[in-house]
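Visitor: Take a look at this one; I'll ask things after.
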């Protein structure tokens, strides 16, 4: 019987290796799989390339992973956020690389990676510094830049409901990058607020089909990043 | 107040002009907006380019539109189907053009058209006659072919539920090309089995966001193409 | 002296009102972070606008009541929002299908600099030590049908923001349709910058003096 | 004479069984129209396979009981199907994200011709008067991890289907992993076609005689 459920956060992230490329869902704190990130901190993998829209805030979650010097490169659209000090300090000290990508291009590159599209043309960033060194091409009189699909070794994603096949639903704007990141990683690791019986999710409302998911762990009461930050907590506690 | 509902099938299709490119949803009869197609037959527009996975069956729906000599070109992946005689006859007589596109490339070209992606690379059809004359390019040692996004003037789509904003859900495998065709047409015209109050569709389960839809008409008891075909009916009746 | 007079030009709320007046009924609208968000408070009666936020919500409603916030129901500025009946959620690739695909009618953005041909710079000063952060701005200006800019006419230290050429890195080239400042409403046309309306107690000469690029009436 | 003996090789159901044996537990599988569909009936006990059909269903179940058919719940062959608990529906672009993106483990397809280096021709004879129809075959062979072909070893008029080079237009080049015929199971390797298993009462010589391409043991 197919059952993608695992019994602990540690088991969920156990195979992540040094040098891995990891996609991490979330837009700010919404959709950020904070418990999985903390498990990854405990697990020890380093020299990571992380693909995520932001760089975390305070000293928990993604910011804590960066603070532990485990991330050598960030691929993101908006590395500055409220209460984000860890990334800016390391960046200014030259201790972390940044690949800055327009948000829509980031989303499309991830989707392309998952969909077997090696490269596509987009109008975003043409005539800006972010298109520098990239191939530009005119279609029907408009200039576009060639962007490549991104794949990852792992994705860490937060969702709402999951079943044993890995079918997922999300909550509100926590959906954001989760569905496309599940498609673009060799191994997708998902924390669900609740794991339900196969068939409990209406086939019409599944957002992420199980084929894109490898491991599921139930985290019934996920922390809110902003609360941890307001309490000035640092991970590891 | 935004209200995209129209009062008749005739009103829904009234602006379709000669020479228009029209996307028509459906995979076989599942999702085929047969009442909208019949309204288009009544309306009279001609010299149409139709983008649809198949070419219809019997002498109703898309097959009837073709039989009326209103389609100058079909863009599709599978023009032969059970009970499809109209297209093959006209094609062999040289009276209709065919652009044959692999099904996944067809879907991705439609999605690209809707997403502002003018062109993308795909591995499908490389080294086959369908890649002939197209640009090929190697990424990471694998050969891909450049394919262009497709846009349409109109799309005709069948859905399950709709609200006044044009938010849509679908039924089972009738979903197929509907969601992407709504994104790729300047004007998307949708027949819904039921029009419901705004807010009656849970925001988490909307498949087509209303922004992609222009006109909605309720067709509460749509015909099944296969039943009409087995009765050997011809449209116009 | 004219500069010291109190009621020169429009207030921020009046600026937001000016923008809101130019958005037709039924439009799909994306509002940038900051001053652009104010536009939603001044939509003329009888018009219904639908707000898209690029983090995955179409049909964004008002700010929630205190205590009703959901940390996973937020806007692009990461602030709590609500949904209207008829809203829907979607993932980021679908969100930018709306944006890049030309489905959003109007986007209202802030600006650091605007050039006479409608170039916009609003994401980076290009300073060596600044952490660059672009978000969705480049996708929005490349894809949305109409880009309206709302900004103070001059920088805090009195420098012109409407220039012959932007010195900061561009967000997009030739993308701005109209500029709504505290001093004027200016349309970007092929032939140059045309003043459509002057703010209260602003005359053309005064406006030109505070603008590097040549203005036309 | 050997050719007239009755029980040479496998029956169609045995061929389907041979394919089913080679699909591991937990695989995501796409079955082509026709003989490939039979594979689902012979999955060994204890294995759970998930069937994808490219028209938008993952978790396809058995054929519905008479009278329970839904004309909008069909497979790629446009025949009525059912769903298993844990199924889901999706649109065509998402479906081919699964296929093109390498997420489907196994695809079982029919064939008109297969070449010694694994080229597959299964969509068109290239005849002038034939209506060409490709469907999802080219996307499947380009994207799915393992392409298994199930086919009669020879054409109805006795011609070889396993050739040095395909004469029909290709579906894909070098895509076939293994060929399951009534006479043998043959693996396509870099060095050539290797016979893994001979059918009942088939010897290597007989097999080679019915095959244009050179076979290895």
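Residue numbers (our numbering), protein chains in the order written: chain A, 313 to 549; chain B, 313 to 549; chain C, 159 to 375; chain D, 159 to 375. Where a beta carbon is used, it is the ideal one built from N, C-alpha and C, also for glycine.
Spatial neighbours of residue 430(A) within its chain, please: CB distance less than 7 Å, with the 5 preceding and 5 following residues excluded, ordered by chain position.
Guide: Cβ neighbours of residue 430(A) beyond the five flanking positions: 460, 461.
Visitor: If we call anything under 8 Å between Cβ atoms a contact, is residue 494(B) one with residue 482(B)?
Guide: In this structure, residue 482(B) does not lie closer than 8 Å to residue 494(B) by Cβ.
Visitor: Scan the region 343-373 of chain B and note each continuous alpha helix (DSSP H) run of 4 residues or more that stays entirely inside, going in chain order.
Guide: For the region 343-373 of chain B, whole alpha helix (DSSP H) runs of length 4 or above, ordered along the chain, are 346-355.
Visitor: DSSP state of residue 197(C), grouped into three classes?
Guide: Residue 197(C): helix per DSSP, three-state reduction.
Visitor: Let me know if residue 204(D) comes out buried or exposed under the rule of 16 or more other beta-carbons within 10 Å of its beta-carbon.
Guide: Label assigned to residue 204(D): exposed.
Visitor: What's the C-alpha gap between residue 228(D) and residue 316(D)?
Guide: For residue 228(D) and residue 316(D), the distance between alpha carbons rounds to 40 Å.
Visitor: Could you list which residues in chain B have their beta carbon closer than 9 Å to that of residue 134(C), in chain order?
Guide: This structure does not reach residue 134(C), given that chain C is present from 159 up to 375, and the question cannot be answered.
Visitor: Between residue 407(A) and residue 378(A), what straight-line distance do the alpha-carbon atoms span, to the nearest angstrom?
Guide: Cα-Cα distance, rounded: 10 Å.
Visitor: Grouping DSSP H, G and I as helix and E and B as strand, with all else coil, what is residue 446(A)?
Guide: Residue 446(A): coil per DSSP, three-state reduction.
Visitor: For residue 372(D) and residue 543(B), what's the separation of their Cα atoms in angstroms?
Guide: Approximately 53 Å between the Cα atoms of the pair.
Visitor: Determine the DSSP secondary structure at residue 505(A), reduced to helix, strand or coil.
Guide: It is a strand residue.
Visitor: Using 8 Å as the limit for Cβ to Cβ distance, is residue 542(B) near chain D?
Guide: Closer than 8 Å: no.
Visitor: How many Å lie between residue 343(A) and residue 209(D) at the Cα?
Guide: Between residue 343(A) and residue 209(D), the C-alpha separation is close to 30 Å.
Visitor: Using a Cβ-Cβ cut-off of less than 8 Å, list which residues of the region 440-456 of chain B approach chain D; keep chain order.
Guide: Answer in chain order: 440, 441, 442.
Visitor: Given this structure, state the Cα-to-Cα distance separating residue 380(B) from residue 246(D), to the nearest angstrom.
Guide: Each residue's Cα considered, the two are about 38 Å apart.
Visitor: Residues bridged to residue 500(A) by DSSP?
Guide: Paired residues: 467(A).
Visitor: For residue 342(D), which beta-bridge partners are listed by DSSP?
Guide: In the DSSP output, where bridge partners are listed per residue, residue 342(D) has 356(D).
Visitor: Measure the alpha-carbon distance for residue 490(A) versus residue 484(A) and round it to whole angstroms.
Guide: Cα to Cα, residue 490(A) sits roughly 12 Å from residue 484(A).
Visitor: To the nearest angstrom, how far is the alpha carbon of residue 159(C) from that of residue 364(C)?
Guide: Residue placement at residue 159(C) cannot be trusted, given a pLDDT of 48 that sits under 50; what the coordinates show is reported in the next sentence. When rounded, the distance between both Cα atoms is 12 Å.
Visitor: Who are the Cβ neighbours of residue 351(C) in its own chain at under 6 Å, not counting the five residues just before and after it?
Guide: The residues are 274, 344, 371, 373.
Visitor: From which residue to which residue does the beta strand (DSSP E) around residue 422(A) run?
Guide: Where residue 422(A) is concerned, there is no enclosing beta strand (DSSP E), although the alpha helix (DSSP H) it sits in stretches over 415-427.
Visitor: Please list, in chain order, the chain D residues whose beta carbon lies closer than 8 Å to that of residue 475(A).
Guide: Near residue 475(A) (Cβ distances below 8 Å), the residues of chain D are 244.
Visitor: My understanding is that residue 487(B) touches residue 251(D), with C-beta atoms under 8 Å, so please give their C-beta distance in whole angstroms.
Guide: Going by Cβ atoms, the distance from residue 487(B) to residue 251(D) rounds to 11 Å, so no, they are not a contact pair.
Visitor: Please report the straight-line C-alpha distance between residue 341(C) and residue 165(C), rounded to a whole angstrom.
Guide: So the two alpha carbons sit approximately 11 Å from each other.
Visitor: Please list, in chain order, the chain D residues whose beta carbon lies closer than 7 Å to that of residue 511(A).
Guide: In chain order: 243, 244.
Visitor: Any C-beta of chain B sitting closer than 8 Å to the C-beta of residue 331(A)?
Guide: No, because no Cβ of chain B sits closer than 8 Å to the Cβ of residue 331(A).
Visitor: Assuming residue 397(B) and residue 236(D) make a contact with CB atoms under 8 Å, what is their CB distance in whole Å?
Guide: About 16 Å separates the two Cβ atoms, so there is no contact after all.
Visitor: Report the partner residues of residue 169(D) according to the DSSP bridge assignment.
Guide: Partner(s): none; residue 169(D) has no beta bridge.
Visitor: Would you mind telling me which residues of chain B sit closer than 8 Å to residue 432(A), beta carbon to beta carbon, in chain order?
Guide: Correct list: 424, 429, 431, 432, 433.
Visitor: For residue 366(C), I'd like the list of residues in its chain whose CB is within less than 7 Å of its CB, leaving aside the five on either flank, ordered along the chain.
Guide: Hits under 7 Å: 373.
Visitor: Thinking C-beta only, is residue 414(A) closer than 8 Å to residue 292(C)?
Guide: Cβ atoms of residue 292(C) and residue 414(A): closer than 8 Å.
Visitor: Quick check on residue 522(A): does DSSP put it in helix, strand or coil?
Guide: Helix.
Visitor: With distance defined between alpha-carbon atoms, name the residue in 333(A), 337(A), 361(A), 437(A) nearest to residue 455(A).
Guide: It is 437(A).
Visitor: Under 7 Å Cβ to Cβ from residue 541(B), same chain only, skipping five residues before and after it: list those, please.
Guide: Excluding sequence neighbours, residue 541(B) sits near 369, 370, 372, 395.
Visitor: What residues in the region 466-494 of chain B bring their beta carbon closer than 8 Å to a beta carbon of chain C?
Guide: So the close ones are 475, 476, 477, 479.
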